[in-house]
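K.L.:
For the sequence shown, counting from 1, position 130 maps to 179 in the numbering used here; every step adds exactly one.
Using N, Cα and C, we set each Cβ at its ideal position, and we do this for glycine too.
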Amino acid sequence: MITIALPKGRIAEETLDKFEKAFGEKFVFEDRKLILVQAGFTFLNVRNQDVPTYVMHGAADLGVVGLDVLEEKEYDLIKLLDLKLGKCKVAIGLRAGEKLDWSKSEIKVATKHEKIAKKYFEEKAMAVEIIKLYGSIELAPLVGLADCIVDIVETGLTMKQNGLEVGPTIMETSAHLIVNKNSFYAKKDRIFEIKEKIEAVL
Ligand code: PRP
Numbered sequence: 050m051i052t053i054a055l056p057k058g059r060i061a062e063e064t065l066d067k068f069e070k071a072f073g074e075k076f077v078f079e080d081r082k083l084i085l086v087q088a089g090f091t092f093l094n095v096r097n098q099d100v101p102t103y104v105m106h107g108a109a110d111l112g113v114v115g116l117d118v119l120e121e122k123e124y125d126l127i128k129l130l131d132l133k134l135g136k137c138k139v140a141i142g143l144r145a146g147e148k149l150d151w152s153k154s155e156i157k158v159a160t161k162h163e164k165i166a167k168k169y170f171e172e173k174a175m176a177v178e179i180i181k182l183y184g185s186i187e188l189a190p191l192v193g194l195a196d197c198i199v200d201i202v203e204t205g206l207t208m209k210q211n212g213l214e215v216g217p218t219i220m221e222t223s224a225h226l227i228v229n230k231n232s233f234y235a236k237k238d239r240i241f242e243i244k245e246k247i248e249a250v251l
């Protein structure tokens with residue numbers, strides 16, 4: 050049995066689609082069920098940010114998660130395969146027409162990507178105050194909560210429709226299949242078989 054933590058929503062559905070193509074079985078979570086046991090797999094339906102936690106603690110062997118979420122967690126997990134799903138970037142968002150003011154003594158940044166944002170500004174020797182938010186990040190600069198944001202950009206529409214423009218890119222991200230070290234060594238053959246079968250249908 051291999052247990053796989055999936056991030057609730059579109060990426061989970063698209064991943065199950067790949068498993069269907071790779072293993073010839075239709076995998077669908079029933080109504081509100083958070084667990085799906087079928088054909089030697091146990092799929093878990095969890096919050097995006099919780100995927101690395103399930104995998105790190107060994108409650109799941111594998112997980113599907115964006116590189117940005119993985120980077121935020123700083124866990125020692127193995128990246129097995131880029132599923133090339135949910136491609137987007139983590140970028141700075143600024144009020145339209147503004148540039149980052151590097152002459153300020155400190156810059157206020159609203160984000161849910163605390164570590165990525167902190168690292169970016171610290172590497173540029175800029176003092177930063179991180180304001181942690183859980184969503185609707187684009188609102189923060191508009192109401193004076195922050196000077197800028199660090200957030201996920203896919204089409205750029207959310208920023209645009211909220212009077213922001215996309216600034217410098219910090220990192221590119223996409224959903225990756227990850228595995229914890231214990232499972233990787235204990236179930237190596239099965240895990241490589243899964244990796245190869247999924248890779249073949251990408
Ligand atoms: C992300 C992100 C932006 C939006 C960007 O939010 O935080 O708000 O998508 O997409 P766009 O560039 O195509 O407009 P998401 O939908 O993941 O919801 P969340 O804020 O609840 O995580």
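Tell me which residues share the same chain as I247 and place their Cβ nearer than 6 angstroms to its Cβ, disregarding the 5 neighbours each side in the sequence.
P.N.:
The residues are K67 and A71.
K.L.:
Using the beta-carbon of each residue, find all residues closer than 5 angstroms to any heavy atom of the ligand PRP and list them in chain order.
P.N.:
Residues with a Cβ closer than 5 angstroms to any heavy atom of the ligand PRP, in chain order: G184, D200, I201, V202, E203, T204, G205, L206 and T207.
K.L.:
Please classify P101: is it buried, with 16 or more other beta-carbons within 10 angstroms of its beta-carbon, or exposed?
P.N.:
Buried: at least 16 other Cβ atoms inside 10 Å.
K.L.:
Can you check whether the CB of E203 is closer than 8 angstroms to the CB of K164?
P.N.:
No. Outside cutoff.
K.L.:
Less than 8 angstroms between C-beta atoms, sequence neighbours within five positions excluded: which residues of the same chain meet that for K57?
P.N.:
Taken in chain order, the residues that qualify are N94, V95, R96 and N97.
K.L.:
Using the Cβ count rule (16 or more neighbours within 10 Å means buried), how would you classify G89?
P.N.:
That one is exposed.
K.L.:
Using 8 angstroms as the threshold, is the region 150-162 in touch with the region 221-241, meaning 3 or more CB pairs across them?
P.N.:
Touching, no.
K.L.:
Relative to the C-alpha of K161, which residue among E171, K167 and L182 is closest?
P.N.:
Considering only alpha carbons, the answer is L182.
K.L.:
Going by Cα to Cα distance, which pick from K82, E214 and D200 is closest to S185?
P.N.:
Considering only alpha carbons, the answer is D200.
K.L.:
Tell whether a beta-carbon distance below 8 angstroms holds between L111 and I53.
P.N.:
Cβ atoms of L111 and I53: closer than 8 angstroms.
K.L.:
In chain order, what residues of the same chain lie with their CB nearer than 7 angstroms to the CB of T207, ignoring the 5 residues before and after it?
P.N.:
Same-chain partners within the cutoff: E187.
K.L.:
Taking L213 as the reference, give the member of A176, A166, A145 and W151 with the closest Cα.
P.N.:
Among A176, A166, A145 and W151, the Cα nearest to that of L213 is on A145.
K.L.:
In the DSSP assignment, find the alpha helix (DSSP H) that holds T207 and state where it starts and stops.
P.N.:
From DSSP, the alpha helix (DSSP H) with T207 extends over L206 to Q210.
K.L.:
Which residue marks the beginning of the alpha helix (DSSP H) containing F170, and which one marks its end?
P.N.:
Counting along the chain, the alpha helix (DSSP H) containing F170 begins and ends at E163 to E172.
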